[in-house]
Amino acid sequence: MNPQVEDQMELISQFYPGIYTQLEPQQVVLDLRRFLKIEYVQEKRNHEGGERRAKERLSSGGARKRKLTPEQVDLLELNFGDEHKLESERKDRLASELGLDPRQVAVWFQNRRARWKCKKMEEEYSRLKTEHESAVIEKCRLETEVLKLKEQLTEAEKEKQRLLERGEGGSSNSASPSFSMEAMDPPFLWEFGMEGLEAIFHLPGNNYIHGIELVNSPYEM
DNA sequence: GTTCCTAGCAAGTTACATCA
DNA sequence: CTGATGTAACTTGCTAGGAA
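The first sequence finishes on residue 221 if you use UniProt numbering, and the numbering steps up by one all the way, no holes.
As structure tokens, then:
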């Protein structure tokens, strides 16, 4: 038998006399470590505390994983609803009321806090996801609007160019090749009537814009 | 001030019960 | 029987308080 197993057997024989004698030592060590979870290595740092806890666990039933009754869970949930933290006094009182080990109550609260946090994170994720999706939709809508406006701007500029060319052809006093509001005398504009003006400055949906400002728009291609 | 012990917690993991 | 799921119990690493 290797020294470590020997040590473990000694430890086990102290706590659980009579149990190991009927079985192979290796099997006893494996089984007891499995079912009673004797933290041999960890107990080195806190040996006495570990022994005490191991004994407490054995005295309170030994076997692990006992499903709590609905009544026990109800009372625990009720207490958790009041306060997520569990001070020592409340833990002992609850354990006594429920007929459980105080450690079980502590473990239940730890697990319950973990589940609560997990659920909160899921809710937060869901909320952020919805927000993100709304933002993406709004971004698409705005991009589409920008495209439409660019098209309208292009059309307006083409129309402006056509009008300028017609103006140049019919009048010899217009020397400036570039378009500007200042360069256009009111009589010149009025020559084309209201239809000509609207072709330049009117946008569908009652959106009137300033031609010059749109030319310098940040959305310009 | 330092060391040791104890208790509690979060995060991650394991083991078991239950169900489809 | 088996895989998925929920959860009790455990492990690890850390912190804090009290006693020696």
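All C-beta atoms in this analysis are idealised placements derived from N, C-alpha and C, irrespective of residue type, glycine included. Predicted model only: the values in this text are computed from it and were never measured.
Looking at residue j and residue i, is the spacing between their C-beta atoms short of 8 Å?
i	j	result
residue 114	residue 91	no
residue 84	residue 116	yes
residue 100	residue 75	no
residue 68	residue 79	no
Exposed or buried, which one is residue i when buried takes at least 16 other CB atoms within 10 Å?
i	result
residue 111	exposed
residue 104	buried
residue 156	buried
residue 128	exposed
residue 163	buried
residue 142	exposed
residue 148	exposed
If you follow the alpha helix (DSSP H) that residue i is part of, which residue opens it and which one closes it?
i	result
residue 81	70-82
residue 91	88-98
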